[in-house]
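Just add 592 to the spot in the sequence shown (first one is 1) and you have this note's numbering.
Positions of the beta carbon are idealized from the N, C-alpha and C atoms, including for glycine.
Structure first, commentary second.
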Amino acid sequence: MQRAFVPPPAQDNARRLDDVRGARREVREGDRVLIEEPGRVIVEEGGRAIIRHNDADRFRWQAQDVRIERRGADTVTVFERPDGSRIYSENDESGRLLRRYRRLPDGREIIIIDNRYSGPPMPFGYFVDLPPPVIRIPREHYIVDAEYAQPDDIYDALWAAPVDYIQRPYTLDEVRYSFPLRERMPSVDLNTVTFETGSWEVSPDQIDRLAVIADGINRAIAANPSEVFLIEGHTDAVGSQIDNLSLSDRRAESVALVLSQQFGVPAENLTTQGYGNQYLKVPTQGPERANRRVTVRRITPLLTGQNQAIPLAPR
């Protein structure tokens, strides 16, 4: 039986794309190819290529202690924070995330992600085949352009209900790798934060532009501590598919780190994923800064199968 996930082969200390390229190693497993690089694995199979990483690496910066526990075949990484709370990241023997939860100092537990799947075998793996959603809201409220939107428009998109009915709870893997599923949630296109060619660094002059996003996410988590937001990374069309997947994934992670380190967004309520040049904002095959960006969307309803907006107090 093929493994669902291959753990990253080494700690991710890369700072430049050349560092990443130089450390890559290709492994063939049956009909698929694994391209291992620091902190990530790119999987090519059946004409598709996806990138995987361990989100828990982002939690280390805030932890005063990190320990690893074995529970049968599973591994639990525990991040203890100065306030006495603990974040638990539970993975199976292949490295795939099973659960992520927060234990408060008083012993209460808050489940943030339950990625276990107990249904019938899925014929398309993690790819969910759905028809396009029926969008009944104005386009500018469905995909919010952060450069021109008012803060309330951004907040509304981050707190909104799905635009079409969610039939069941989906796993995080299904959400990450199924665009028709993610399309059911409004998104904020962060074109106020873009990247230099070949870079995943958020420049200092762009950090404050994330303040309104952080405020919207923090207010959502205050209302519901189990909220989950997906940070999606993108590139322009220049370069190889492998390079672009790696770049985009690192860009998403960089923005998530800024949101946590600079604005106090709980790292465990964020998840990140890179999509390379699959979703160009400007349809060009040439270099285009507007395509080197990130997108943010709430994915809690997709994970829980619930169709409600966040129950916030009136502003």
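Between residue i and residue j, how many whole angstroms is the CB-CB distance? I'm expecting something under 8 Å.
{"i": "T786", "j": "R884", "result": "5 Å"}
{"i": "I643", "j": "S838", "result": "7 Å"}
{"i": "V886", "j": "R843", "result": "6 Å"}
{"i": "D649", "j": "E672", "result": "With 8 Å as the limit, D649 and E672 do not qualify as a contact, their Cβ atoms being about 16 Å apart."}
{"i": "N810", "j": "I704", "result": "In fact, because the Cβ distance is near 15 Å, the residues do not count as touching under 8 Å."}
{"i": "W653", "j": "Q853", "result": "7 Å"}
{"i": "P817", "j": "I702", "result": "5 Å"}
{"i": "V670", "j": "R662", "result": "Incorrect: roughly 12 Å between the Cβ atoms, too far for contact."}
Is any non-hydrogen atom of the ligand PLP found closer than 7 Å to the C-beta of residue i, if you look at the structure I gave you?
{"i": "V830", "result": "With respect to the ligand PLP, the structure shown offers nothing to examine, as it has no ligands at all."}
Run through the DSSP bridge pairs and tell me what residue i is partnered with.
{"i": "H733", "result": "DSSP, once it has assigned bridges, lists no residue as partnering H733."}
{"i": "I702", "result": "R694"}
{"i": "T667", "result": "R662 and N683"}
{"i": "A641", "result": "E636"}
{"i": "I627", "result": "E618 and I634"}
{"i": "I823", "result": "T864 and V888"}
{"i": "L689", "result": "N683"}
{"i": "E672", "result": "D657 and R678"}
So, residue i versus residue j, is the Cβ gap smaller than 8 Å?
{"i": "I982", "j": "I834", "result": "Here the chain covers residues 593 to 907 and nothing more, so residue 982 does not appear."}
{"i": "Y867", "j": "G825", "result": "yes"}
{"i": "I823", "j": "A806", "result": "no"}
{"i": "P630", "j": "A641", "result": "no"}
{"i": "Y718", "j": "E766", "result": "yes"}
{"i": "V888", "j": "S846", "result": "no"}
{"i": "A753", "j": "N869", "result": "no"}
{"i": "L911", "j": "Y762", "result": "An answer regarding residue 911 cannot be provided, because it is not within the stretch 593 to 907 covered by the chain."}
{"i": "P757", "j": "G808", "result": "Note on identity: in this sequence residue 757 is Tyr, with Pro being the wrong assignment. No, these two residues do not count as a Cβ contact at 8 Å."}
{"i": "R613", "j": "E628", "result": "no"}
{"i": "F651", "j": "A814", "result": "no"}
{"i": "L722", "j": "L689", "result": "no"}
{"i": "G865", "j": "R776", "result": "Looking at the sequence provided, one finds Gln at residue 865 rather than Gly. No, the pair does not count as a contact, with Cβ atoms beyond the cut-off."}
{"i": "D706", "j": "E685", "result": "no"}
{"i": "T863", "j": "L764", "result": "yes"}
{"i": "H733", "j": "D745", "result": "yes"}
{"i": "V908", "j": "L626", "result": "Nothing about residue 908 can be read from this structure; the chain reaches only from 593 to 907."}
{"i": "P674", "j": "T789", "result": "no"}
Quick one, which of the options has its alpha-carbon nearest residue i's?
{"i": "A749", "options": "Y757, D737 and R760", "result": "D737"}
{"i": "A829", "options": "I823, G676 and S840", "result": "S840"}
{"i": "A812", "options": "W751, L851 and F651", "result": "W751"}
{"i": "V755", "options": "L782, P725 and Q742", "result": "P725"}
{"i": "R801", "options": "R607, R776, N836 and Q742", "result": "Q742"}
{"i": "D647", "options": "Y734, R760, R607 and R692", "result": "R692"}
{"i": "D623", "options": "R613, E637 and E775", "result": "E637"}
{"i": "V668", "options": "Q798, D675, A814 and R694", "result": "R694"}
{"i": "G676", "options": "D698, G687 and R708", "result": "D698"}
{"i": "I729", "options": "V720, P778, D744 and D684", "result": "P778"}
{"i": "V857", "options": "Y709, V820 and Q877", "result": "V820"}
{"i": "A882", "options": "E739, G687 and R678", "result": "E739"}
{"i": "T876", "options": "H645, T827 and G897", "result": "T827"}
{"i": "D611", "options": "E621, G897, T896 and S791", "result": "S791"}
{"i": "R632", "options": "D745, V720, N836 and R700", "result": "N836"}
{"i": "G897", "options": "E880, Q759, D745 and V625", "result": "Q759"}
{"i": "R708", "options": "R700, G687, V804 and L696", "result": "G687"}
Can you find a CB in chain C that lies within less than 8 Å of the CB of residue i?
{"i": "N836", "result": "Annotation note: the requested chain C is absent from the structure, which comprises a single protein chain."}
field: Sequence ranges, alpha helix (DSSP H) only - wholly within the stretch 751 to 811, length at least 4
entry: Uninterrupted alpha helix (DSSP H) stretches at least 4 residues long and entirely within the stretch 751 to 811 occur at 764 to 769 and 771 to 774, given in chain order.
query: What residue ranges within the stretch 877 to 902 form continuous alpha helix (DSSP H) runs of no fewer than 4 residues, ordered along the chain?
result: 892 to 896
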